[in-house]
Amino acid sequence: MTTSKSNADLLPTATEPRPTVYEECRRKGVSRRKFIQFCAMMAAAMGLEDVAVPKIVKALETKPRLPIIWLHLQECTCCSESFIRADHPVVASLLFDHISLDYTETLMAPSGHQAEQSMEDTMSKYAGQYLLMVEGSVPTKDDAYCCIGGKSARQILTDAAKGAKAVIAWGNCATAGCVQAANPNPTGAVGIARFIGDKPLIHVQGCPPIADVMAGVIVHLLTFNSLPILDDLGRPKAFYSRRVHDTCYRRANFDAGLFAESFDDENARRGYCLYKLGCKGPTTYNACGIIKWNGGVSYPIQSGHPCLGCSEAGFWDQGSFYKRDTVVEGFGIEETADKIGLALGAVTVAGIAAHAIGTNIRKRREINEVE
Amino acid sequence: MKSRKRELREVYVWELPVRFFHWVNALCICVLCVTGFIIANPPTLMSQVEASFSYWFGIVRFIHFATAFVFMFNFIFRIYWAFVGNRYATWDNYIPLRARQWRNVWHVLMTDVLMIRNEEERSIGHNTVATLSYLVLLLAAVLQCITGFALYAQTSTLPLFQWATWITPLLGDEMNVRIVHHLLTWFFILFTVIHVYIVFYHDYIARHGLISSMIGGWKNIPEDVAEEEEKLEQKERRRSRRAGHAV
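Going down the list, the sequences are from chains A and B. Residues 352 to 722 (this note's numbering) make up the first sequence, in order. Residues 3 to 249 (this note's numbering) make up the second sequence, in order.
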C-alpha cells in the first residue's frame, strides 16, 4: 500500500537519533528563557529542591524525546484538552512527539489505515522503549462498546502494553472508570490496570488531571528515568499526597466553624468554607489548591464551587455533589446513612415498646401470685 | 402488705477494672456520637466573626480524635483484663464454646426475648446472648477504630496512626471509609438503646440489683443459684487441676 509506505518513510528509524526536547523547542521558536522557566516550574510543581532544576534542564537538553502511544478508549478527551492548556503549552507538548507520527487519535497527522499503521510502526520500532499513555476506560460487558479500527479496546490496550516501557493512566477513566463506571455502569467500564500485565503503571488521577501535573509526571520520567513515588492507589505522591482540604485557603473558616449554607447566602459571599455545600475536599487527594488550574489562575473552591472529588474513584456515585449526605446502595434503593439509622432506630423502639408491654404483663402476674 | 422472704447471697461479680472500663466506654461512645454527628453536619452557629478569632469546629474535631484514643486504649485494656479478670470477665464468656452456654442462649430466647416460657434467671454474670452482643460490639469497635484512624492518619505524620490506612484502597476511596464510619455510628446508637432497655428489663424482672451492681460490683443472687454456681466452680477447678497433673 502506497499510503503506509510513505508513512513509514516519515518515521524515524530506531537507530536514527530522535531530537531532544530542547532541540525541538528551539526549532519551534521557544526561547531558552521560556525553556528554563518551564524546567523551574516543573521542579517546583514536583516539590524538588533548587538543585534539581539543572538536572531537569540537562535531561531535556540531552535525552531524546519519548516515543509514545496515546490511546483514547471510553473517554471524553478532557485529559488531552487539559494537557494542551499547560502553563507552558508549547514546551509541554514537545515533551513527546505529541503531534508527530506516533499514535494519538486526537492530535496526530495521519488518519484511518495510516494511523493504525503508524501505531504498529511505533510498537515495533520502539518495542520496550515507548510509553503507553491511556485515556479512557475499558468495557468488560461487551467488547463491541468500544472498537477502533476493527479492534476492541481491550485488544488494543493489551497489544500496546506488551512492548511498553511503562504505562500512564490519564485521568479518572483509565484509573477507575469515571462516569462510564458510574452506577449502573452499562458497559461494565473499568480502569486499565487489569489489562496491562505487570508493566509499571502510574495513575494520574483527576477529571481531568491538572495539566502541569501531567507534564510533571512526564518530566520526572525523562529526568530520573524511574517511576515517581506512588501512593497506595498508584498516584504520584508529589501531587496526590495532600488533601485538597489541607491545602485549601478557606481552611481557616472550616476550623472556625464558618460555613456557607447556600450558594447565594451572605456566608458564601464572604468566602466561607463550602463543607456544607458538599465539598469533597476533606476526602480528595490532589494538587488543585497548590498548582491550581489554567496557569495558576484559580481552582473550583477559589471560584466558589465545592470540590467534586474528581481525583477519587467512584466520585459520581457518592450522592449529590452539593450535599454531604453519603449515599448507601443496597436493597434496590439508595439511602443515606442517617435515614437507614433512623429507620432502624424506629424499628428498635417499636420492638422495645412491644417487649415492655409483655414484660409488664409477666410482672403483674408475678405480683398477683404473692399472697 | 405483699411480701415474701427470699434467701439471697451477695456475690462480687464486676471487679473495679471492669466497671471502670464500662463507664469510660459509655462516656466515650456518647462523646464520639455527639461530636461525630456535629462533624458530619456542623450547625452554622456563627457567621459574623473573623476566622482567626474562632476555632470551635477545630475543637469539636479535637475532642472527637482525643476521645477516639481513649476509646481504643480502653478496649485494649479490657481485652487484657479478659485474660486476668475473674470468672465473669474472662474471654471464654464472650466466645461461647461450651454446650452449657448455647443452652443458655436457648433459655434467653424463650424466656426473655419471646417470653414463651417463664424460667428463673440463673445467670450471675452476663448471659450468653449478652456476651455475644458484646463480641459484636468489639468487632464494630475494631472496624470503627480502623476506619476512623484511616481517616485521621492523613493529618498525622506519626507512623503510630498509619496502621489503619490499608482499609482505604480496600474500600475504594476515603468517601467510602467515611460512609462505613458513619453507618457504624448508628450501630453504636442502636446498641446503646437496646442495651440500656435490657438492663432496665433485667432489674425489673430478675431483681438481682443489676443497675447498682454496675456501680458497686455486688449482686444479690438467690441462694440456690449461688450454690449451684459454687459447685460448678469447684468442679471446674478440680477438672483443671486434674488436667494439670496429666500434663
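Backbone N, C-alpha and C fix where the C-beta goes; we use that ideal spot for every residue, glycine too. Computed from a predicted structure; not experimentally measured.
I191 (chain B) has a beta carbon lying within less than 8 Å of a beta carbon in chain A. Counting other Cβ atoms within 10 Å of its Cβ, L172 (chain B) stays below 16 and is therefore classed as exposed.
Counting only the Cα atoms, V485 (chain A) lies some 15 Å from T473 (chain A). Cβ-Cβ distances below 7 Å link Q480 (chain A) to P418 and K516 in the same chain, with the five nearest sequence neighbours on each side left out; the list follows chain order. Contact with chain A is absent for F151 (chain B), since none of that chain's Cβ atoms lies less than 8 Å from the residue's Cβ. Within 10 angstroms of the beta-carbon of N576 (chain A) lie fewer than 16 other beta-carbons, which makes it exposed. Cβ proximity to chain A below 7 Å picks out M117 and N120 from the region 113-138 of chain B. Looking only at A:G622, A:K492 and A:S382, the smallest Cα-Cα distance to P535 (chain A) is reached by A:K492. The DSSP-derived three-state label of H423 (chain A) is strand.
In this structure, DSSP gives L609 (chain A) a state outside helix and strand, which the three-state scheme calls coil. The beta-carbon of T371 (chain A) is placed no less than 8 Å from the nearest beta-carbon of chain B. Taken through DSSP and simplified to helix, strand or coil, L160 (chain B) comes out as coil. Where P19 (chain B) is concerned, the enclosing alpha helix (DSSP H) starts and stops at L18 to A42. Shortest Cα-Cα distance from C624 (chain A) to any of B:H24, B:P45 and B:V15 involves B:P45.
For M216 (chain B), the enclosing alpha helix (DSSP H) stretches over residues L212 to G218.
Boundaries of the alpha helix (DSSP H) harbouring M565 (chain A): A562 to F575, taken from the DSSP string. Using a Cβ-Cβ distance cut-off of 8 Å, the region 618-637 of chain A and the region 497-507 of chain A are not in contact, since fewer than three pairs of beta carbons, one from each stretch, lie closer than that value.
Assignment of R601 (chain A) by DSSP, reduced to helix, strand and coil, places it in the coil class. Leaving aside the five residues that flank S215 (chain B) on each side, the residues in its chain whose CB is nearer than 8 Å to its CB run, in chain order, V15, W16 and K221.
Among the CB atoms of chain A, none fall inside 8 Å of the CB of W165 (chain B). Secondary structure at Y477 (chain A): coil, using DSSP grouped into helix, strand and coil.
Counting along the chain, A511 (chain A) sits inside the alpha helix (DSSP H) bounded by residues A504 to K513. V15 (chain B) sits in coil when the DSSP states are folded into three classes, being neither helix nor strand. In the structure shown, the three-state DSSP call for N618 (chain A) is helix. Distance from the CA of T170 (chain B) to the CA of Q669 (chain A), rounded to the nearest whole angstrom, comes to 15 Å. Taking the beta carbon of I708 (chain A) as reference, no residue of chain B falls within 7 Å; the closest one sits roughly 10 Å away. Partner residues in the beta bridge of P224 (chain B), as assigned by DSSP, are B:L10. DSSP, reduced to helix, strand and coil, places I712 (chain A) within a helical segment of the structure shown. Sequence-distant partners of G500 (chain A) (beyond 5 residues in either direction) whose C-beta falls short of 7 Å from its own C-beta, in its chain, are E467. One alpha carbon belongs to R378 (chain A), the other to C558 (chain A), and they sit about 33 Å apart. DSSP places V555 (chain A) in the uninterrupted beta strand (DSSP E) bounded by L552 to V555.
Close partners of E686 (chain A) in chain B (Cβ separation under 8 Å) are lacking, with about 10 Å as the shortest Cβ gap.
Annotation: E686 (chain A) to A694 (chain A) spans about 11 Å, alpha carbon to alpha carbon. Distance check between G647 (chain A) and each of A:A396, A:R602, A:R383 and A:I387 places A:A396 closest, using alpha-carbon atoms only.
By the criterion of a C-beta distance shorter than 6 Å, E231 (chain B) is surrounded in its chain by I126, once the five residues flanking it on both sides are discounted. Within 8 Å of the CB of G665 (chain A), the CB atoms of chain B belong to G174, D175, M177 and N178, in sequence order along the chain.
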